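As structure tokens, the structure follows; a few thoughts come after it.
There are 2 protein chains.
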Amino acid sequence: MSAIQQNLKERNAKYASSFTQGDLALPPAKKYVVVTCMDARIDPAAAYGIDLGDAHVIRNAGGNAKDALRSIIISNQLLGTTEIILVKHTDCGMLTFQNADARGVVEKNLGSEAGQAVSNLDFQPFPDLEQAVKDDLEFLKANPAVSKQATVSGWVYEVETGKTRQVA
Amino acid sequence: MSAIQQNLKERNAKYASSFTQGDLALPPAKKYVVVTCMDARIDPAAAYGIDLGDAHVIRNAGGNAKDALRSIIISNQLLGTTEIILVKHTDCGMLTFQNADARGVVEKNLGSEAGQAVSNLDFQPFPDLEQAVKDDLEFLKANPAVSKQATVSGWVYEVETGKTRQVA
Chain A
1 MSAIQQNLKE RNAKYASSFT QGDLALPPAK KYVVVTCMDA RIDPAAAYGI
51 DLGDAHVIRN AGGNAKDALR SIIISNQLLG TTEIILVKHT DCGMLTFQNA
101 DARGVVEKNL GSEAGQAVSN LDFQPFPDLE QAVKDDLEFL KANPAVSKQA
151 TVSGWVYEVE TGKTRQVA
Chain B
1 MSAIQQNLKE RNAKYASSFT QGDLALPPAK KYVVVTCMDA RIDPAAAYGI
51 DLGDAHVIRN AGGNAKDALR SIIISNQLLG TTEIILVKHT DCGMLTFQNA
101 DARGVVEKNL GSEAGQAVSN LDFQPFPDLE QAVKDDLEFL KANPAVSKQA
151 TVSGWVYEVE TGKTRQVA
């Protein structure tokens, strides 16, 4: 067992030993879904004030709405959420490269078969943070599988300060 | 501003007021990435023992590895993570429907254009929890864009008890 697996096992045993919320319902109690980045410096529950059982939390590289679409549709249509909160963040890795760079790194690290496998993959980098939030909101609002009744807002989290501000 | 947005704003202000970790590096300090479900009953940082700055956390409906692939490649190849922890969970919504059900609900709720938009979408439901963990691990191990050197393990989190157990 790796040190990381050992850490998960030990820390989880401690968490479970005082766990008292085993009767929460499957659908989010506050009927919302948060889409944010996988970045290691973000703890959505703490930073965005999400209590256990209240909201779905979708995370991926960049807090990308296209990547999150399957999950958002399931959240909204099958599990009853009606509000979408999209949060990207300062100093995001997605601001630092372009598709050609990423494909080059994969091929250099893993060889030509890997390079071939990602030759058509859009890694979804973006050059402008606030514009990327706005673009993702427009993408969701324009998608026929997202309800026109859904409340959608866009935010930026600052990894330097812990502060979140609304931008769309 | 909606009640949910107001909650985010107020809770975040409180979080930021005592925030002291603004100097963490972008790449995860412990070089691992966790893939888990968007389920509202999971707090990965607390339940899996992830300290701020230590790991990428990818979340989607079902903790699906295919959906997470773009993010995993970015995490591994561009941001230096070398270990993947995949955690699915008991009572997952993905155990409760099939693609035809989901497509039918979308069409019923949002109309024929929406139904058409998801007619080819694989919602990635699964009928067997532990098998789904194993299948996703095999998917990652077989993918040319995932390093053969990466350490990959599979786990089940029990929403009823807060306990996590390794299954692959």
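So the sequences go chain by chain: A and B.
Each residue of the first sequence is one higher than the one before, counting from 1 in full-length UniProt numbering.
Each residue of the second sequence is one higher than the one before, counting from 1 in full-length UniProt numbering.
For each residue, glycine too, the CB sits at the ideal point set by N, CA and C.
Remember, predicted model here, so these are calculated numbers, not experimental data.
Inter-residue CB distance, residue i and residue j (contact presumed, cutoff 8 Å)
| i | j | result |
| --- | --- | --- |
| A/Val133 | A/Ser75 | Actually they are not in contact, since the Cβ atoms of A/Val133 and A/Ser75 sit about 19 Å apart, beyond 8 Å. |
| A/Tyr48 | A/Thr164 | 7 Å |
| B/Ala142 | B/Ser153 | So it is not a contact: roughly 16 Å between Cβ atoms. |
| A/Val83 | A/Lys31 | Before going further, note that residue 83 of chain A is Glu rather than Val in the sequence given. Rounded, the Cβ-Cβ distance is 7 Å, consistent with contact. |
| A/Leu129 | B/Arg41 | Not quite, the Cβ-Cβ distance comes to about 31 Å (not below 8 Å), so this is no contact. |
| B/Met38 | A/Ile58 | 5 Å |
| B/Ala102 | B/Phe126 | Rounded, the Cβ-Cβ distance is 13 Å, inconsistent with contact. |
| A/Asp136 | A/Leu78 | With 8 Å as the limit, A/Asp136 and A/Leu78 do not qualify as a contact, their Cβ atoms being about 22 Å apart. |
| B/Leu110 | A/Pro144 | 7 Å |
Neighbour flag for residue i against chain B, beta carbons, 7 Å
| i | result |
| --- | --- |
| residue 209 of chain A | Examination of residue 209 of chain A is not possible in this model, given that chain A is present from 1 through 168 alone. |
| A/Phe126 | no |
| A/Ser2 | yes |
| A/Phe19 | yes |
| A/Val167 | no |
| A/Ser153 | yes |
| A/Gln5 | yes |
| A/Pro53 | Inspection of the sequence shows that residue 53 of chain A is occupied by Gly rather than by Pro. Yes, A/Gly53 lies at the interface with chain B (some Cβ there is under 7 Å from its Cβ). |
| A/Leu86 | no |
| A/Gly104 | no |
| A/Asn12 | yes |
| A/Lys66 | no |
| A/Val35 | no |
| A/Gly63 | no |
For residue i, three-class secondary structure by DSSP
| i | result |
| --- | --- |
| A/Ser153 | strand |
| A/Gln131 | helix |
| A/Gln6 | helix |
| A/Gln21 | coil |
| residue 169 of chain B | Within the shown structure, residues of chain B are numbered from 1 to 168, placing residue 169 of chain B beyond reach of any answer. |
Neighbouring residues, chain E, relative to residue i (Cβ below 9 Å)
| i | result |
| --- | --- |
| A/Phe123 | Checking the listed chains, one finds no chain E in this structure; the protein chains it contains are A and B. |
CB contact check: residue i to chain A, cutoff 7 Å
| i | result |
| --- | --- |
| B/Gly93 | yes |
| B/Ile58 | yes |
| B/Asp136 | no |
| B/Lys141 | no |
| B/Thr164 | yes |
| B/Leu24 | yes |
| B/Glu130 | no |
| B/Asn120 | no |
The region 151–162 of chain A touching the region 80–96 of chain A, judged by at least three CB pairs closer than 8 Å: In this structure the region 151–162 of chain A touches the region 80–96 of chain A; the number of beta carbon pairs closer than 8 Å is three or more.
| Ranges of the beta strand (DSSP E) found wholly within the region 30–112 of chain B, counting only runs of at least 3 | Those beta strand (DSSP E) runs which fall completely within the region 30–112 of chain B and span 3+ residues are 32–37, 55–60, 83–89.
Query raised in the report: Is the region 98–112 of chain B close to the region 50–57 of chain B, with three or more CB pairs under 8 Å?
Result: Segments in contact, no.
Segment contact flag, the region 57–74 of chain B with the region 116–128 of chain A, C-beta cutoff 8 Å, min 3 pairs:
They touch, by the three-pair rule.
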